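Counting from 1, position 259 in the sequence shown corresponds to residue 516 in the working numbering; the numbering is continuous, with no gaps.
Glycine included, C-beta positions come from ideal geometry on N, C-alpha and C.
Model, not experiment: these values are computed from the prediction.
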Amino acid sequence: MCMNGIFHRVMIPCMATNADSVAMCKNMASWKVLCSMRNDAGKPRRTNAFWRVVCGWLGFTNAFWRVVCGWLGFTNAFWRVVCFLLIMGSIALHAQNISEIAASDPLIISGAIGTRNTYRYTTGGYTYASPMNNSVFADMNISLYGFNMPFSLYYSNDNLDFAYPQLTLSLRPQYKNWTGYLGQNSMPFSNYILNLSFMGAGVEYKAKNWHSGIFYGRLRKAINDDPTDPLARSPQYRRMAWGFKVGYGSRRNFLDLYLLKSFDAVNSLSEQWRSRVNAQDNLVVGVKGSVSPLRWLSLTANAAMSVFSNDITTDRVEAEEATRWNKVFDVRYSSLMRYAGDVSLNLMLRGLSANLSYKMVQPDYTSLGLSYFSNNYHSLGVNLSTHLFKVVSLSANFSGQADNLTNRQMYTTRGFIYALSASSRAGEQFNISGTYNGYTQVQGDGTCVCPDSTRLHRQMNSFSLAPSYFTDTEQLSHVVSLSCNFTQNLDLSPSATGETDVKTHALGAAYTLGVKDWGMNFSLSLSDQQTRGYNMRYRSDVASLTAGRSFLEEQNLHISLTGSMVYNEVRRQSKSLSMGGSLSASYLLKKAHAFSLAASFNKYGDVNLSHRRSDLGNIDFSASLNYTYTFEWRAITRRN
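Below, the structure is given as structure tokens:
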């Protein structure tokens, strides 16, 4: 039985309780190490290094793990299987290919240990943070044949937090064209149907042209708190689902079909809650496809139909057209049928790329397999991009969206987004780019006429320009960059008075000098930003100078110094100035020990308040010292 696969090779050494099973495992050379960890009674030898780490080091430091690891010593085979699955399968298990499991090391222990210490001092006002913040952390991961079990311990001042692997099974074994799903997993589906993970089982098959998949599981747990508890959580039913998909074709020409059935388990919620919360039922069918009649032309479509009942306690519809679906869905008087979909046309010509798309989601379209999904809108989008003279790149985008598809809302809201960008590179030294972005929102009539006094009509425009220049010699390197931005936000409604209009412009310049003989870099940056509104004007100026260098033969010590000045002004209200500097240093020793030091000092205060002399009496100071040690210990390595 030990030769029938990896599952039996792993399980038998953990469950062997008699001489025959032990002898059978000892005949396998590859499992001589594991079998030697058991005595004649088939129980673990806690003196062995492997079991001392797993059962001793983890178990005897925590009562929970002492009990769990003690279960492994039971002679009852049922509890051996249960405890093995709880520990091995529930501790953050990642998807693994069967061939990868066989090629992985049996046991690897890795992690990090460190400390973070910060000191803060301020005279500018009251603070709720402690001036001293000291913390110690330890992270460890135990990898058994590629399956990971993470642990973490964090202590900060008087707060202690310990995290151990949660009981969540998530397996995704692969064999040739087959992929299995067991536990908490997610399976690729149509974006109109399913994006939630499920707790259950499934299987997926992918060949050259054919692909299919099926699953069954739980989408969410039941919340069934005591209704008399004032802190009771919002109740919800346990939601179950099963889904199926099948498709045929290549990447450019294919057709996929989807089916999802979701329903709430009525008995999962107390009768005291059922009158307040309705149990729901849902059936969604979808189709997705693409066709490329020419190499430069392709058409893609994605559509779904949803039948949704928001209360499964209502009476069924007995009409013949409705009863034909009773095997998969009970049509009730609370049921709705809605559609959603999109279509996209793509062109790829020489030097030109274009895309035209349309999307529509009907009101009340619902799929219980989606976490959140907007409905009651349709949109149209156009994207273009091209190159001119092989040196200029151009792109343009436009999209418009409107709601109130059934014209049952009081008003209709429309939004338009448009953008244009261009960039050019002259040789290897000069580059310039410019962009324009705009947005317009308009409110119109619906079932009622939208009055001018409340009509919403806003527009935003933004322009930016960013040239840069780079040069490099044997001794020096220079980088110069400029930036300019203008943003305008306007209220265009008939009753607008301009009180909410805002205009902002920002200018920036940066220069970086690299001195190769010294191994140093110097950076200077300047920026000015002004914002104007109704009877309001705000200005902010920032200047900073930074110098940095790496030291030692391996360049593993890096030190940088920064000095900065910030000036802020609110017209006719306040002026403030801030000046300071910061130091940062980092050192890496033997690629395992990382040290870092950071300190900053800042003086700030009001400037020329009521035409009096400046006051920079406020001080902020902070310093931090951090250390991290990372390790990896291969306790048991794979034998070739």
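Three-way DSSP call (helix, strand, coil) for Val-759 in this model: strand
CB contact flag (Ser-636, Ser-652, <8 Å): no
Sufficient close CB pairs (3 or more, under 8 Å) joining the segment 725-737 to the segment 703-713: no
Cβ-Cβ separation, Ser-555 to Ser-563 (assumed contact under 8 Å), whole Å: Rounded, the Cβ-Cβ distance is 27 Å, inconsistent with contact.
First and last residue of the uninterrupted beta strand (DSSP E) at Trp-530: From DSSP, Trp-530 is part of no beta strand (DSSP E) but of the alpha helix (DSSP H) over 528-531.
Closest by C-alpha distance to Val-600, when choosing among Asp-572, Thr-557, Asp-621, Val-639: Thr-557
Whole-angstrom distance between Gln-716 and Ser-678, CA atom to CA atom: 19 Å
Proximity of Ser-591 and Asp-568 at Cβ, strictly below 8 Å: yes
Proximal residues to Ala-352 (C-beta, below 7 Å), its chain only, five neighbours per side dropped: The predicted model places Ala-352 with a pLDDT of 43, which falls under 50 and marks its position as unreliable; any figure quoted below should be read in that light. Cβ within range, chain order: Arg-429.
Proximal residues to His-662 (C-beta, below 8 Å), its chain only, five neighbours per side dropped: Correcting the residue type first, residue 662 is Leu in the shown sequence and not His. Counting only Cβ-Cβ distances below 8 Å, and skipping sequence neighbours, we find Met-617, Gln-619, Pro-620, Asn-633, Tyr-634, His-635.
Touching by the beta-carbon criterion (3+ pairs, under 8 Å), the segment 773-781 and the segment 742-759: no
From Asp-513, Gln-537, Lys-518, residue whose alpha carbon lies closest to that of Asn-524: Gln-537
Residues that DSSP places opposite Ala-855 in a beta bridge: Ser-841, Ser-881
8 Å CB neighbourhood of Phe-858 in its chain, flanking five on each side removed: Gly-837, Gly-838, Ser-839, Ile-876, Asp-877, Phe-878
Glu-731, enclosing alpha helix (DSSP H) - first and last residue: Premise fails: Glu-731 is in no alpha helix (DSSP H) and is neither H nor E.
Same chain, Cβ closer than 6 Å to Asn-825, neighbours up to 5 away in sequence not counted: Ser-797, Ser-833
Anticipated Cβ contact below 8 Å, Ser-549 with Asn-481, distance rounded: Not confirmed; about 51 Å, so no contact.
Cβ shell of Ile-370 (< 6 Å), same chain only, five flanking positions each side left out: Ala-395, Tyr-886
Delimiting residues of the alpha helix (DSSP H) encompassing Thr-580: 577-580
Closest by C-alpha distance to Leu-364, when choosing among Arg-377, Ser-400, Val-393: Ser-400
Pair within 8 Å by beta-carbon distance, Val-585 and Arg-573: no
Own chain partners of Glu-461 with C-beta closer than 6 Å, once the 5 adjacent residues on each side are dropped: Thr-436, Gly-470
Reduced DSSP secondary structure (H/G/I, E/B, other) of Tyr-886: strand
Residue from Tyr-376, Thr-379, Ser-387, Asn-398 with nearest C-alpha to Phe-888: Asn-398
C-alpha gap between Leu-781 and Lys-760, whole angstroms: 27 Å
Buried versus exposed, by CB contacts within 10 Å (16 or more), Ser-631: exposed
Coil, strand or helix - Asn-654 by DSSP: strand
Between the CA atoms of Leu-609 and Arg-552 - distance to the nearest angstrom: 14 Å
Per-residue burial, Tyr-449 [other beta carbons within 10 Å of its own, 16 or more giving buried]: buried
Beta strand (DSSP E) segment containing Leu-606, residue limits: 592-606
Simplified DSSP state of Asn-398, which is helix, strand or coil: strand
Any non-hydrogen atom of the ligand SAM closer than 7 Å to Thr-730 Cβ: Ligands in the displayed structure: none, and consequently the ligand SAM is not present.
Own chain residues within Cβ distance below 7 Å of Asn-434, not counting five before or after: Tyr-462, Lys-463, Ala-464
Contacting residues, own chain, Cβ-Cβ under 6 Å from Asn-374 (five flanking each side not counted): Asn-391, Leu-882
Status (buried if at least 16 other CB within 10 Å, exposed otherwise) for Leu-540: buried
Beta carbon of Ser-725 nearer than 8 Å to that of Asn-694: no
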